[in-house]
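Here is the structure we will look at.
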Amino acid sequence: MNGWRELIRVENVVKRFGTTIAADHVSLSIGEGEFFALLGPSGCGKTTLLRMLAGFETPDSGAILLDGKDLTNVKPWKRPVNMMFQSYALFPHMTVYDNIAYGLRQEGLAAAEIERRVRQVLELIGLPELAKRKPGNLSGGQRQRVALARAIVKQPRVLLLDEPLAALDRKLRVEMRLELKRLQNEVGIAFVFVTHDQEEALSMADRAAVMRSGKIMQVGTPEELYNTPANLYVAQFIGEANVFAGRLQNSQGEWRLVTNANAYRVPSTEVQRSGLTNGEDAAVVVRPERMVIEPCEGEQDSAPLNRVFGRLLEIAYLGNARNFVVETDDGQRLSIQTPATELAPPVCVGESVCVGWKVESGILVSASENGGGKADEQA
Amino acid sequence: MRVRNWLRLHTSLVYLFLYGPILMLIVLSFNRSGLPTAWGGFSLHWYQELWQNKALLNAALNSVLVAGGSTLVSAVFGTLLAMGLERIARNMVLDAFVFLPMIIPDIVLAIALLSFFTFLEMPLSLLTITISHIVFNIAFVAAIVRTRLSYFDNTLEEASLDLGAPPLKTFFKITLPLIFPGIVAGSLLAFTISLDEFVIAFFTAGPARPTLPILIYSMVRFGVTPDVNALATIVLSISALLILISQRLGGTEGFF
Amino acid sequence: MKKLVSPLVLLGPALTWLGIFLVLPLALIFVYSFFQRGAFGQIVPQFTLGNYMRLFNPTVLKVFLNSLRIASLVTVLALLLGYPTAYFITQQSARWKNTLLVLVILPFWTSYLIRTYAWIVLLNREGVLSRLLISLGLSREPISFLYNDTAIFIGLLYGYLPFMVLPLYSSIERLNPELREASFDLGATPLKTFLQVTLPLTLRGVVTGAIFVFVPSLGNFFVPELLGGGQRFMIGNMINNQFLKARDWPYGSAMAFGVMAIVLILLLFQAWITRRTEQS
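Protein chains in written order, with our numbering: chain X, 1 to 379; chain P, 380 to 635; chain E, 636 to 915.
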């Protein structure tokens, strides 16, 4: 992120629809040329935020700036911002060529210039031979590319994408992720996309904002979101998480999380990062792939491991990994993943097992979970 | 936005255009003076007058008989037709044929039927009107039941068959109850249309037993009389009521 | 179920009925239209093209053209009044939308005859409008607003306006709202968006509505009779006359097929438009 320069600034934006709040004092900066994701479950306000960037909704208060200029009350057709719609919104009565030329014609460009730019963008998306087709005669993937072409041909400062891959089938979706990345690199425009799919956000975005009930829970790179979530919500939304809730305690210089049944050691670096202090409610989050599972025998305290005991409920072979579901003695379910390339641990369904993780693999987050939360209990 | 306000004004005026004359009729029907401009106080006088008009009551009875008869037949035929159309591939020619009575000018249908009945030497009567009304009412019932059927989940019938109910039983236990609101809605609509239908009835009615619209036409041709206002109010109210019920049952949706 | 009951059993009763009471009667008057009228109004089964030739004599042609003119004007007016109304309805919340639609549907299905009568009450010499003008001092004596082309226009427009609004509403409603937003997003102003996106994509509704207004306007005979005083002839009155007064049924039948020819052309046009818009 060297040379990062702010392009869009969202300042304290509030938007209500009746009694529901879609944007609750949202502030955000997006950089030039950045690939930025707005990530969250449906109804979290991410699409509203995108539509406010496009100009289809006006904030109740707050401002949206582009290059330092206030865009808040600029009409959609006057903004240097273009959008790829979830339904693609290709004009069904126009050919692919006319669809792409539509925006350029509004600018009153000369026909030759329009032709040149349309041809160029058709090359870019790899569909030069489809210019004369109507959208009705295109496949889903082709439609998506045309919708993209129609928006980027205007050379906007920002391209907004509303669930860009949602309408595609799974295989195509994975392909298009790479394709979108490639296109974004090539055109150098900032992309802001909305998705509810964390895998999509992590795999494409330079940075992502995780949203919930109109609030931004955390903004960060995919690695930051995964490895250092700001709160329990983000920890659970991004990737799979095993959560141990309890109270943080410092005894003789060593930090522990004390739960009903157990006490787990917590790395002091995590305590520092989270800013939690002695006696606070907290949770330790452990990713499934950071856990190990073994039969319940042998010596019980190999030094750097936290341990918990339970019964193995289920083993699933996923091709690239094995997934184990364990029910702990106090009834919590844990998910453990080991690479399929390794030998399967010698455990059987129904038997007692021992689950462990290295102390430094534990992520410490506040259990009270700022940002207005329920969902602190793992269902 | 300025455009929105302009649209609102436009729409209000259009609704005023649609409802102004009707509301005026209703108000006048309660006017004791019987004059369109001088308010003589609220009165049910003109309604009582109607009640004593034998010819009118007879015509109303005729209309109900025609509407009832044509609705009964077209409810059955129209429902079966809709189910049949749903079961075969969409056929433009067949569709055009079935819904033809809805689109050809009624005067053409009227003279054709008049010629046909005359050719067969069938005396014109309530029966000939009823037969004629069935021709277009089938289309209305079919159109509405068909919309209903298009929402119908075919696997429900298959599930019933799978669970051991033979076709006829499946029809009465599963299909019919589910499309019944559509049939009722279509029938109410057909009844209303038939009740108000004038042109075809005018050509296929015998001289002795006119329907209500025919009688109204002859009254209206001789100018404005205050009792027609009362009659008009009653007829419009009944139609509106039937249509509202039909609408509630999902009747008029998906017509276009 | 699909395979268990033959569709023929289901289609049978209705198709038989329509075969006997729709196809045969139309076929009969088609045959009549090539026959001659006898001295006493009876039908003489002798082939002639004369009835169709007589459609082109100046008086008849004038009535046809006049009817076409009136029906076209009514259609255009209905479109101008109906489109903004339909558009406005689609923009409302679900509850208002429903209410407004029901209010359009109600007159659609209620007695047209009575609704025409309401205009007699409004427009006649002793009517509401005339009296109103007198009491406002704008006129000294009663004026009749009936018995002219304007009265016929109003009567037809009043009766068939809902026929325009409903198909327009459903085609505008079906339009994906993201298409309009996409157009705005690409830099088109609301007016351009309307002309380049909304209108072309609702053309089907426009054509359907236009036909639903035009065809019955063309064939209507009681509005010209009641509001036009029977002096201003439209095709419907002419056919009516041939059948009930002049008793020249062959000639009347030929006129009816003249109307049917016009209707057929319109329907083919509609099918063509539908196919064109369905392609996309």
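We put the beta carbon where it would ideally sit given N, CA and C, even for glycine.
Nearest-angstrom beta carbon gap, P797/E and P742/E [assumed within contact, 8 Å]:
6 Å
Cβ shell of I724/E (< 7 Å), same chain only, five flanking positions each side left out
Closer than 7 Å at Cβ, skipping near neighbours: K732, L735, L736 and Y804.
Boundaries of the alpha helix (DSSP H) in which R533/P is found, first to last residue:
Here residue 533/P is Asn; the residue named in the question, Arg, does not match the sequence. Start and end: N533 to D541.
Just checking: is the beta-carbon of M636/E within a distance shorter than 8 Å of some beta-carbon in chain P?
With a pLDDT of 48 at M636/E, under the threshold of 50, the modelled position of this residue cannot be trusted; read the value that follows with caution. It does: the Cβ of M636/E has a partner Cβ on chain P nearer than 8 Å.
Indicate the three-state DSSP secondary structure (helix, strand or coil) for W255/X in the structure shown.
strand
Which two residues bound the contiguous alpha helix (DSSP H) that contains M403/P?
R381 to S408
Rank V153/X, V353/X and V146/X by C-alpha distance to the C-alpha of K134/X and give the top, closest one.
Distance check between K134/X and each of V153/X, V353/X and V146/X places V146/X closest, using alpha-carbon atoms only.
Take the Cβ of F856/E as the centre, count every other Cβ of all protein chains shown within 10 Å, and call the residue buried at 16 or more, exposed below.
The residue in question, F856/E, is buried, as its Cβ has 16 or more Cβ neighbours within 10 Å.
Residues in its own chain within less than 6 Å of P222/X by CB, not counting five upstream and five downstream?
L202
In the DSSP assignment, find the unbroken alpha helix (DSSP H) run with W754/E in it and report its ends.
Note, W754/E: alpha helix (DSSP H), Y747 to L758.
G420/P: which of F409/P, L535/P and A584/P sits nearest, CA to CA?
Here the closest residue by C-alpha is F409/P.
Interface flag, G871/E vs chain P, CB-CB below 8 Å
At a cut-off of 8 Å between beta-carbon atoms, G871/E makes contact with chain P.
Using 8 Å as the threshold, is the stretch 356-365 of chain X in touch with the stretch 302-311 of chain X, meaning 3 or more CB pairs across them?
Using a C-beta cut-off of 8 Å, the stretch 356-365 of chain X makes contact with the stretch 302-311 of chain X, since at least three inter-stretch Cβ pairs fall below that distance.
Would you call the stretch 7-25 of chain X and the stretch 61-75 of chain X in contact, with 3 or more CB pairs under 8 Å?
yes
Where does G279/X land, buried or exposed, given buried means 16+ other C-beta within 10 angstroms?
exposed
Contacts of Y102/X in chain E (Cβ-Cβ under 8 Å)
S818, L821, A823 and Q831
Return the chain-ordered list of same chain residues with a C-beta closer than 6 Å to the C-beta of L810/E, the five sequence neighbours on each side being excluded.
L836
Give me whichever residues DSSP pairs with P339/X in a beta bridge.
A321/X
Which value, in whole angstroms, describes the spacing of the CA atoms of L653/E and E576/P?
19 Å
Relative to the alpha-carbon of L901/E, which residue among F669/E, T843/E, N759/E and S746/E has its alpha-carbon at the smallest distance?
T843/E
Under three-state DSSP, which class holds G275/X?
Coil, per DSSP.
Kindly list, in the order they appear in chain E, the residues whose Cβ is closer than 9 Å to that of R150/X.
A817 and L821
Tell me whether the beta-carbon of A282/X lies closer than 8 Å to the beta-carbon of R247/X.
yes
With a CB to CB cut of under 7 Å and the five nearest residues on each side skipped, what residues in its chain are close to Q378/X?
Note on Q378/X: pLDDT 31, under 50, position unreliable in the model; the coordinate value appears next. These residues qualify, in order along the chain: V243.
Grouping DSSP H, G and I as helix and E and B as strand, with all else coil, what is H25/X?
strand
Using the C-alpha atoms, what's the distance from W418/P back to I664/E?
52 Å
Does any residue of chain P bring its CB to less than 8 Å from the CB of Y667/E?
It does; some Cβ of chain P falls within 8 Å.
What residues of chain P sit near W744/E, judged by a beta carbon separation below 9 Å?
L568, T571, I572, D575, S618, A619, L621, I622, S625 and T631
Would you give the residue range spanned by the alpha helix (DSSP H) that A489/P belongs to?
D485 to F498
Do three or more CB pairs link the stretch 565-582 of chain P to the stretch 420-432 of chain P at distances below 8 Å?
no
Is DSSP giving M799/E helix, strand or coil here?
Helix.
Short of 7 Å in beta carbon distance, which residues of its chain neighbour Y747/E, apart from the five on each side in sequence? Order them along the chain.
G794
Would you report the Cα separation of P502/P and F601/P, rounded to the nearest angstrom?
P502/P and F601/P: Cα-Cα distance of roughly 28 Å.
Consider the Cβ of Y394/P: report whether some Cβ of chain E lies at a distance smaller than 8 Å.
yes
Does any residue of chain X bring its CB to less than 8 Å from the CB of E808/E?
no
When DSSP labels each residue in this structure, what does I678/E get in the three-state scheme?
For I678/E, the three-state secondary structure derived from DSSP is strand.
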